[in-house]
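Participant:
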Amino acid sequence: MVVGDVTTGTEVLVVGAGPGGYVAAIRAAQNGLDTTLVDRDAYGGTCLNYGCIPSKALISATDVAHDARNATEMGVHADPVIHTDEMQEWKEGVVDQLTSGVEKLCKANGVNLIEGEATFVDDSTARIAHGGEGQGSETIDFEHAIVATGSRPIQVPGFEFEHDPIWSSRDALEVEEPPEKLLVVGAGYIGMELSTVFAKMGVDVTVVEMLDGILPGYEDDVSRVVKQRADDLGIDFNFGEAANEWEETGDGVVVTTENEDGEESTYDADKVLVAVGRQPVSDSLDPEAAGVEVDEQGFIPTDDQARTNVENVFAVGDVAGEPMLAHKASKEGIVAAEVIAGEPAALDQQAIPAAVFTDPEIATVGMTEEEAEEAGFTPKIGEFPFRASGRSLSTGEDEGFVRIVAEEDAGFILGAQIVGPEASELIAELALAIEMGATLEDVASTVHTHPTLAEAVMEAAENADDQAIHTLNR
Amino acid sequence: MVVGDVTTGTEVLVVGAGPGGYVAAIRAAQNGLDTTLVDRDAYGGTCLNYGCIPSKALISATDVAHDARNATEMGVHADPVIHTDEMQEWKEGVVDQLTSGVEKLCKANGVNLIEGEATFVDDSTARIAHGGEGQGSETIDFEHAIVATGSRPIQVPGFEFEHDPIWSSRDALEVEEPPEKLLVVGAGYIGMELSTVFAKMGVDVTVVEMLDGILPGYEDDVSRVVKQRADDLGIDFNFGEAANEWEETGDGVVVTTENEDGEESTYDADKVLVAVGRQPVSDSLDPEAAGVEVDEQGFIPTDDQARTNVENVFAVGDVAGEPMLAHKASKEGIVAAEVIAGEPAALDQQAIPAAVFTDPEIATVGMTEEEAEEAGFTPKIGEFPFRASGRSLSTGEDEGFVRIVAEEDAGFILGAQIVGPEASELIAELALAIEMGATLEDVASTVHTHPTLAEAVMEAAENADDQAIHTLNR
Amino acid sequence: TPDGRVFAPPAARRLARELGVDISDVEGSGPGGRVSEADVRAHHEKAEEHDETAA
Ligand SMILES: Cc1cc2nc3c(=O)[nH]c(=O)nc-3n(C[C@H](O)[C@H](O)[C@H](O)COP(=O)(O)OP(=O)(O)OC[C@H]3O[C@@H](n4cnc5c(N)ncnc54)[C@H](O)[C@@H]3O)c2cc1C
Ligand SMILES: Cc1cc2nc3c(=O)[nH]c(=O)nc-3n(C[C@H](O)[C@H](O)[C@H](O)COP(=O)(O)OP(=O)(O)OC[C@H]3O[C@@H](n4cnc5c(N)ncnc54)[C@H](O)[C@@H]3O)c2cc1C
């Protein structure tokens, strides 16, 4: 395909090369469709460049230092020093390896790649403006389009990211020299993950959150385990306060917050990380020009085939609504690509797992007990605490638990909540269980390797039927 | 129940309090049976006291030191020092917590506990000799017996464990001061796990193995990954050699080995760990007195209800045959207890997973490609290398792969082999997949959290159908 | 089930779409009425036979 100031054509135009878009493009090409993927910034989108991957890299690296520093009980004495510049270099290497991998995979699968910003002209044409001065633009005709333009961080009025001491998560992930004092506005998953990273780097971290606890949306006994560990790390929490304004002082800033009653508090800090959520990027593409509806929040509504109100235009990933998660984006991308290829695909998954990479991790899938009740089920609950797990104790990570929610009649598994070591990995078995329509008995009868954390999943299933071996059944 | 020099009675007598026996006893009691558990040594058996748990504790603790020592690339600089005595103390604490937990769980479930050595008198009576002088003995009548007497390490002639410099795995796990030079005889899983622990402690480790590679029974490309890492750790391997004799020198020993051609080699060492396999403990109980058959190797043959040739006598765990694994012992224990309680239980599992806790870990379940062929299937293979996983790269652990073996027609999953980070946990999803009769499509369609290692399982399933996103499909 | 949920593995759900079968009409032979691929196929065949006899 010739890229220039000419009109070209493609069967599938994918806009945005994040985990929604690049996965859609690869699968479309695998299905024999002539596919073009355009991005104005970088292969891999937010996730690989400024999100999932860099955050997890810093979490792992600071964990190595933290674990070594706290292993005297195990007989390991170390006084690790962190060189943030080297850590950044390593992280960049990881990101580069993955983003160049994405580029290679796209090419190997025959996807046409274009760098530039796409805007819809109508429902079968887009204009692509190439970055940089005098780079020109091109027009591209498409049979189908997949919008995968992602999301951006929400700004707090007065705390716009262009001011140097005010950081977005992206700025925080790129820091070469950690500040002495960091104020984090927002205790959602991004705020909590990054607070933990900086606390483990030795930064004095204070968190301000409008709501009355961390990680809204998670059950109290789940988030409590993470809050406890964060307290132990020395993170200082202030709930029920909204960031109001900030002001430069001699060598840093002072931030003023206000609570419900209008009472103000002030916090000194060197930098302020604002992590109060993300909002869809639908404006960049002018979806209306193609007749694509956008809702009040900026999301593009889609059906269970990832299709928008316009027959040949699909939307996937963060721009298509909650949950704004990379694997949800990829799943939608795959379904959109298969639907376009004429396959009987649909977003028919029973559950989308989610993980928070705090210390310890949280991972959930499907329904909570409350949600199961609301859906009309009579829930049956099984739990297993990691402190009763041989594997947990033998790794020195024994906080948290596995909870399984099932329905009473046949014991079908409806959901699970895990907080504890490797929660993000352990949830995979339960996601499969839910998709398969597995029962408590199915999970309980499956032989689980000893000693592993996964045994806790089996024991939680047994516990629901009063048959756990390593915990008392209630 | 009165314990003394009188005859008492019990519905179920369980001999041996390892993961086979104590689990059987708890489940029998949960099913309302009057149950008595007897052990001559310690609650938790080999596994909790001298096997799975202490080995995994030392692996975790030395890993923390090793990871910190090798994290300069990540920007973490540390020079950890290991205090083996403290490490032992911590490990003992973990073991104590778990073994006292087992005791409590038995009591809480109403299991009667007796310390002593049991011997069958006939098929409904056993004599229990209490340890220590003048402790006497008692006779116990049983309706059903479950033999769970476990296994012991095989001795190499001339290298009996009573000689101080000759270590069993148990001796090795209890070492307060690591030797400078350790010779390990045997490169099976116990030899390899412990060689890794000692190498990470800074010990100069040499391995001598009769066969021509490490970890017999695992496929070459699986064990190669572990061998490579072991080489990097400085472990020196010598294959095709059998340990012949040893002799004390001034400050250590010299061991002579012989190869097939009768050529001798000699090795200096401070200690010699002999880890050449384990053999069943069936002699301790005099099974013949109850009419229970024992095979030539000392195993007690059982049927799919864990029943021996004698109607009311069951055998579970290592004494009942391969695979000699804790979770296989527990599964058999549960089935025996349920069968005695009149439940329709059976050892009907499709597959028993197994893990080796080397660096990196290996975990397998079900059939290899070769085994699938031998069983008459046309196998379909899917693979995913960890170096293409975002989670692997972002933790700095990117060696190894996931392989899934399925049958061609419907894509039913038959087996899986994983070598790499957290392999022991990742195998759980595949064990459930096999038990559920899941297909490649079922695993591939299940949404897997990003970024996790478990995504590699999904991608391996996709790869088998030429649909992987993050690796080239063959 | 209360929320109209059908318990069936992904492969069975996909097969139902492929054959144009509404999976909530299928009687499941698995535990608790879990629907398998074979159940979907059987339902489809029965429906086709029925269509043929009707026609
Ligand atoms: C700090 C942080 C940590 C996170 N951690 C996780 C995690 O651990 N797990 C997880 O699941 N999710 C995580 N997320 C969320 C995850 O990054 C997003 O859900 C995911 O990136 C969404 O993918 P997407 O393809 O929809 O959009 P994006 O990844 O945002 O990609 C959109 C792409 O579209 C391009 N684009 C936009 N408009 C145009 C246009 N008009 N023309 C051309 N190109 C355009 C952009 O340049 C961008 O590359 C994290 C996010 C952040 C910020
Ligand atoms: C170093 C090492 C590491 C290991 N790591 C793992 C691992 O990671 N994962 C895994 O699955 N397996 C592992 N194993 C194997 C595991 O320990 C065994 O498979 C497991 O312990 C078998 O359980 P069991 O109940 O059959 O027997 P055991 O655990 O051996 O228990 C048998 C018990 O019976 C008692 N007994 C014997 N005879 C009598 C008698 N006549 N009267 C009264 N009591 C008696 C003994 O005192 C003992 O307590 C490891 C083994 C070793 C040595």
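Chains as they are written, first to last, in our numbering: chain E, 19 to 492; chain Z, 19 to 492; chain R, 35 to 89. Ideal placement from N, C-alpha and C gives every residue a C-beta, glycine not left out.
Tell me the rounded alpha-carbon separation between Lys218(E) and Gly252(E).
Facilitator: Going by the C-alpha atoms only, they are around 10 Å apart.
Participant: Quick one: Cα of Gln153(Z) to Cα of Met92(Z), how far?
Facilitator: Rounded to the nearest angstrom, the two C-alpha atoms are 60 Å apart.
Participant: Taking the beta strand (DSSP E) that Tyr285(E) belongs to, which residues open and close that run?
Facilitator: Its beta strand (DSSP E) spans residues 282–287.
Participant: Between the stretch 371–391 of chain Z and the stretch 458–478 of chain E, do at least 3 Cβ pairs fall closer than 8 Å?
Facilitator: Yes, they touch.
Participant: Can you give the Cα-Cα distance for Ala499(Z) and Met342(Z), rounded to whole angstroms?
Facilitator: An answer regarding residue 499(Z) cannot be provided, because it is not within the stretch 19 to 492 covered by chain Z.
Participant: Look at Val294(E) and Val174(E) and say whether their C-beta atoms are less than 9 Å apart.
Facilitator: Yes.
Participant: Under three-state DSSP, which class holds Val299(Z)?
Facilitator: In the structure shown, Val299(Z) sits in coil (DSSP, three-state: anything other than H, G, I, E or B).
Participant: Within a Cβ cutoff of 6 Å, which residues of the same chain sit near His162(E), ignoring the five residues on either side of it in sequence?
Facilitator: Answer for His162(E): Val30, Asn330, Ile358, listed in chain order.
Participant: Beta-carbon separation of Ala474(E) and Glu459(E) under 9 Å?
Facilitator: No; because the gap between Cβ atoms is not below 9 Å, this pair is not in contact.
Participant: CB of Pro18(E) to nearest heavy atom of ligand 1: below 8 Å?
Facilitator: As displayed, chain E neither begins before 19 nor continues past 492, which places residue 18(E) out of reach and without an answer.
Participant: Could you pull out every unbroken beta strand (DSSP E) segment of at least 3 residues lying fully inside the stretch 203–239 of chain Z, listed in chain order?
Facilitator: Listed in chain order, the complete beta strand (DSSP E) runs (minimum 3 residues) inside the stretch 203–239 of chain Z are 222–227.
Participant: Tell me Asn277(E)'s beta-bridge partners as DSSP assigns them.
Facilitator: Per DSSP, Glu259(E).
Participant: Among the candidates Gly54(R), Glu52(R), Gly64(R), Leu53(R), whose CA atom is the shortest distance from the CA of Val40(R)?
Facilitator: For Val40(R), the nearest C-alpha among the options comes from Gly64(R).
Participant: Using 9 Å as the limit for Cβ to Cβ distance, is Thr467(Z) near chain R?
Facilitator: For Thr467(Z), the answer is no, since every Cβ of chain R falls outside 9 Å of its Cβ.
Participant: Between Lys494(E) and ligand 1, is the CB less than 8 Å from at least one heavy atom?
Facilitator: With chain E covering only 19 through 492, there is no way to say anything about residue 494(E).
Participant: Could you name the residues of the stretch 426–449 of chain E whose beta carbon sits closer than 7 Å to any beta carbon of chain Z, in the order they occur along the chain?
Facilitator: Flagged, chain order: Glu440, Ser442, Glu443, Leu444, Ile445, Ala446, Glu447, Ala449.
Participant: Use the C-beta contact count for Ile57(R): other C-beta atoms within 10 angstroms, 16 or more gives buried, fewer gives exposed.
Facilitator: Under this definition Ile57(R) is a buried residue.
Participant: Is any non-hydrogen atom of ligand 4 found closer than 8 Å to the C-beta of Val223(Z), if you look at the structure I gave you?
Facilitator: As presented, the structure is devoid of ligand 4, carrying ligand 1 and ligand 2 as its sole ligands.
Participant: Measure from the C-beta of Glu107(Z) to each C-beta in chain E and report whether the shortest distance is under 9 Å.
Facilitator: With 9 Å as the cut-off, Glu107(Z) counts as an interface residue toward chain E.
Participant: Count the other C-beta atoms from every protein chain shown that fall within 10 angstroms of the C-beta of Lys125(E), then say buried if there are 16 or more, exposed otherwise.
Facilitator: Burial call: exposed.
Participant: Under a CB-based cut-off of 9 Å, is Gly394(E) close to chain Z?
Facilitator: Not an interface residue.
Participant: My output table needs one value for Asn49(Z): the three-state DSSP class, helix, strand or coil.
Facilitator: DSSP places Asn49(Z) in coil when its eight states are reduced to three.
Participant: Between Asn481(E), Lys346(E), Met454(E), Glu477(E), which has its C-alpha nearest Gly66(R)'s C-alpha?
Facilitator: Answer by Cα proximity: Met454(E).
Participant: What residue ranges within the stretch 308–371 of chain E form continuous beta strand (DSSP E) runs of no fewer than 3 residues, ordered along the chain?
Facilitator: Segments of the beta strand (DSSP E) lying fully in the stretch 308–371 of chain E: 331–333.
Participant: Under 9 Å between the Cβ atoms of Ala39(E) and Leu55(E)?
Facilitator: The sequence shown places Gly at residue 39(E), not Ala. Yes, they are a contact pair.
Participant: On the three-pair Cβ rule with 8 Å, is the stretch 418–437 of chain Z touching the stretch 388–404 of chain Z?
Facilitator: Yes, they touch.
Participant: Compare the beta carbon distance of Met210(Z) and Ala248(Z) with 9 Å and say whether it is the shorter of the two.
Facilitator: Cβ distance < 9 Å, so Met210(Z) and Ala248(Z) count as in contact.
Participant: Could you pull the DSSP bridge partners for Leu55(Z) from this structure?
Facilitator: Answer by DSSP bridge pairing, in chain order: Val32(Z), Leu131(Z).
Participant: Between which residues of its own chain and Ile44(E) is the CB-CB distance below 7 Å, once the five residues before and five after are set aside?
Facilitator: The answer, listed in chain order, is Leu123, Cys124, Asn127, Val129.
Participant: Can you tell me the Cα-Cα spacing of Gly27(Z) and Ser407(E), whole angstroms?
Facilitator: Rounded to whole angstroms, Gly27(Z) to Ser407(E) spans 33 Å at the Cα level.
Participant: What residue range does the beta strand (DSSP E) around Pro44(R) cover?
Facilitator: No beta strand (DSSP E) contains Pro44(R), which is instead part of the alpha helix (DSSP H) from 44–53.
Participant: Are there any heavy atoms of ligand 2 lying less than 8 Å away from the beta-carbon of Val495(E), as far as the coordinates show?
Facilitator: It is not possible to answer for residue 495(E), since the shown part of chain E is limited to 19 through 492.
Participant: Considering only residues of the same chain and omitting the five flanking positions on each side of Ala76(R), which have a CB-CB separation below 6 Å?
Facilitator: Excluding sequence neighbours, Ala76(R) sits near nothing in its chain.
Participant: Can you find a heavy atom of ligand 1 that lies under 8 Å from the Cβ of Met342(E)?
Facilitator: Answer for Met342(E): yes, Cβ within range of ligand 1.
Participant: By how many angstroms is the C-alpha of Gln368(Z) removed from the C-alpha of Ser70(R)?
Facilitator: Computed Cα separation, rounded: 19 Å.
Participant: Label Ala364(Z) either buried or exposed according to how many other C-beta atoms from any shown protein chain fall within 10 Å of its C-beta, with 16 as the threshold for buried.
Facilitator: Under this definition Ala364(Z) is an exposed residue.
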